[in-house]
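Trainee: Numbering (this note's numbering), first residue to last: 77 to 533.
First the structure, then my questions, so here it is.
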């Protein structure tokens with residue numbers, strides 16, 4: 077099936093062709109026709125399936141048929157993070173280039189509010205916003221929502237994780253009742269179903285993948301490491317020939333900063349993105365990564381769902397995610413739109429429960445595939461109990477032929493050497509069995525951890 081049979085305009089088909097796409101993805105095949113027909117929709121799909129284009133394309137055609145540059149926004153797209161909102165706006169620019177009369181405004185935190193207010197005053201067709209910034213401007217009387225006939229709630233399950241559902245409900249109550257509402261989510265937990273029942277009218281459901289499953293195009297590898305061996309293991313992975321571009325995920329902002337600094341010292345071309353950075357700096361780092369100026373991006377989970385970058389060969393979980401759902405969204409940065417990718421997870425002994433939770437969620441074992449050399453070295457470090465070459469050296473029957481000469485040195489060896497040998501053995505074992513000092517309790521959502529960015533509230 078080609079895009080031409082979906083009912084899109086010639087201008088849109090040209091823009092899609094310019095972008096290098098010929099065939100729609102399953103979510104696009106299922107979602108575009110009912111949206112063009114004015115139906116409410118629930119789209120259940122993983123990241124990396126072309127989900128954003130599945131609502132951006134029909135919205136452009138719908139808005140092109142009405143009055144452009146209206147005083148009040150004609151459509152609203154809600155996204156949970158700045159990065160995801162930025163990605164949606166880039167899709168509108170890419171696919172709407174032959175609809176020059178349509179205007180768009182991006183409302184996100186980390187950007188001066190004055191510039192956003194000036195853009196709103198000129199009139200806007202498409203409003204793309206994070207909930208917090210939108211409500212802030214609404215309460216200041218700078219934006220009216222009574223003219224929004226189209227509403228998209230993107231990454232609804234992420235909205236739930238971040239505590240945005242009350243904000244979503246408040247925003248929906250400010251919109252016209254007779255509107256078209258599209259809701260997209262990777263999973264459909266009960267609170268999201270309740271939200272749909274409350275604000276949608278007989279929605280069509282399009283589901284293209286089972287909830288909480290990993291992309292089959294991604295090869296997943298588990299690398300067992302000691303806490304002190306993680307950085308060396310990471311560097312060995314990054315030196316492999318098949319790693320052309322990589323995103324490295326950490327649980328803490330401080331880990332992102334320290335790891336990026338360490339990789340720079342090792343002469344890697346690396347950038348970072350985490351919650352303490354200004355929006356301008358974060359976008360600049362993303363642009364450098366997309367342009368190929370840097371080949372490695374170290375990131376916190378604030379970026380896990382918002383990055384849409386073609387050709388990422390490798391994702392590395394430097395820290396095992398606290399929440400198993402985040403594993404799905406992290407590794408979804410590779411293997412996108414039919415491409416293949418590799419995802420490594422560096423795990424210490426203390427990460428056992430978290431790895432089990434991931435395997436239970438994804439219904440597959442991690443670790444299929446060859447591990448890098450560093451893995452084997454770290455495994456050897458992490459298992460001192462296996463280092464017992466001494467028994468092989470004990471059998472020496474030839475020396476027993478001289479009992480008088482043998483007994484005396486044997487007794488001396490016990491007196492002098494027994495205690496030091498015991499001390500060394502117990503010391504090695506205790507050191508390697510220490511838990512990872514930065515590991516948080518498994519099961520704690522990232523948004524509740526004191527060191528995780530909350531910059532999109």
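Note that beta-carbon positions come from the ideal geometry of N, C-alpha and C, so glycine has one too.
Would residue 355 pass as a contact of residue 190 if the rule is Cβ separation under 8 Å?
Mentor: No, Cβ-Cβ distance for residue 355 and residue 190 is not below 8 Å.
Trainee: Specify the secondary structure class of residue 433 as computed by DSSP and reduced to three states.
Mentor: Helix.
Trainee: Assign residue 274 to one of two classes, buried (16 or more other C-beta atoms within 10 Å of its C-beta) or exposed (fewer than that).
Mentor: When all chains shown are included, residue 274 counts as exposed.
Trainee: Less than 8 Å separating the beta-carbons of residue 226 and residue 179?
Mentor: Not in contact: residue 226 and residue 179 (Cβ atoms no closer than 8 Å).
Trainee: Check this for me: beta carbons of residue 410 and residue 294, under 8 Å apart or not?
Mentor: Contact: yes.
Trainee: Mind reading off the beta-carbon distance from residue 372 to residue 422? Whole number of angstroms is fine, and I expect it under 8 Å.
Mentor: Not confirmed; about 15 Å, so no contact.
Trainee: So, does the stretch 259-277 touch the stretch 217-232, judging by three or more C-beta pairs under 8 Å?
Mentor: At 8 Å Cβ cutoff, the stretches touch.
Trainee: Whether or not the stretch 190-199 and the stretch 126-140 are in contact is what I'm after, with contact meaning three or more pairs of Cβ atoms, one per stretch, closer than 8 Å; do they touch?
Mentor: As far as the Cβ criterion goes, the stretch 126-140 does not touch the stretch 190-199, which means the pair count is below three.
Trainee: Considering only the beta carbon of each residue, do residue 132 and residue 174 sit closer than 8 Å?
Mentor: No.
Trainee: In terms of residue numbering, what span does the beta strand (DSSP E) encompassing residue 347 cover?
Mentor: Its beta strand (DSSP E) spans residues 346-349.
Trainee: Across the stretch 192-205 and the stretch 153-167, are there enough close Cβ pairs to call them in contact, namely three or more that are closer than 8 Å?
Mentor: Yes, they touch.
Trainee: Quick one: does residue 355 have its CB under 8 Å from some CB of chain C?
Mentor: This model lacks chain C altogether; it includes just one protein chain.
Trainee: Give the C-beta separation of residue 395 and residue 331 to the nearest angstrom, bearing in mind that I take them to be a contact with Cβ-Cβ under 8 Å.
Mentor: Confirmed, about 7 Å.
Trainee: For a test of the three-state rule: what should DSSP assign to residue 235, helix, strand or coil?
Mentor: If DSSP states are grouped into helix, strand and coil, residue 235 belongs with the helices.
Trainee: Quick one, which of 314, 323, 84, 264 has its alpha-carbon nearest residue 139's?
Mentor: Cα-wise, what sits closest to residue 139 is 84.
Trainee: Find out if the Cβ-Cβ distance for the pair residue 135, residue 222 is shorter than 8 Å.
Mentor: No, these two residues do not count as a Cβ contact at 8 Å.
Trainee: Mark residue 487 as exposed unless 16 or more other C-beta atoms lie within 10 angstroms of its C-beta, in which case mark it buried.
Mentor: In this prediction, residue 487 scores a pLDDT of 44, lower than 50, which makes its location untrustworthy; the coordinate-derived value is nonetheless stated afterwards. By the 10 Å Cβ count, residue 487 comes out exposed.
Trainee: Would you give the residue range spanned by the beta strand (DSSP E) that residue 355 belongs to?
Mentor: Taken as a continuous stretch (DSSP letters only), residue 355 belongs to no beta strand (DSSP E), being part of the alpha helix (DSSP H) at 355-367.
Trainee: Determine the burial state of residue 198: buried for a count of at least 16 other Cβ atoms within 10 Å of its Cβ, exposed for fewer.
Mentor: Exposed, by the Cβ-count rule.
Trainee: Considering just the uninterrupted stretch of the alpha helix (DSSP H) at residue 540, what are its terminal residues?
Mentor: Residue 540 lies beyond the residue range present for the chain, which begins at 77 and ends at 533; the question has no answer from this structure.
Trainee: Suppose you measure from the CA of residue 111 to the CA of residue 239; what does that come to, to the nearest Å?
Mentor: The straight-line gap from Cα to Cα measures roughly 28 Å.
Trainee: Taking residue 385 and residue 365 to be in contact with their CB atoms under 8 Å, please state how far apart those CB atoms are, rounded to whole angstroms.
Mentor: About 7 Å separates the two Cβ atoms, so the contact holds.
Trainee: Compare the Cα-Cα distances from residue 321 to each of 329, 281, 292, 417 and report the closest residue.
Mentor: Answer by Cα proximity: 417.
Trainee: Cα separation between residue 442 and residue 309?
Mentor: When rounded, the distance between both Cα atoms is 17 Å.
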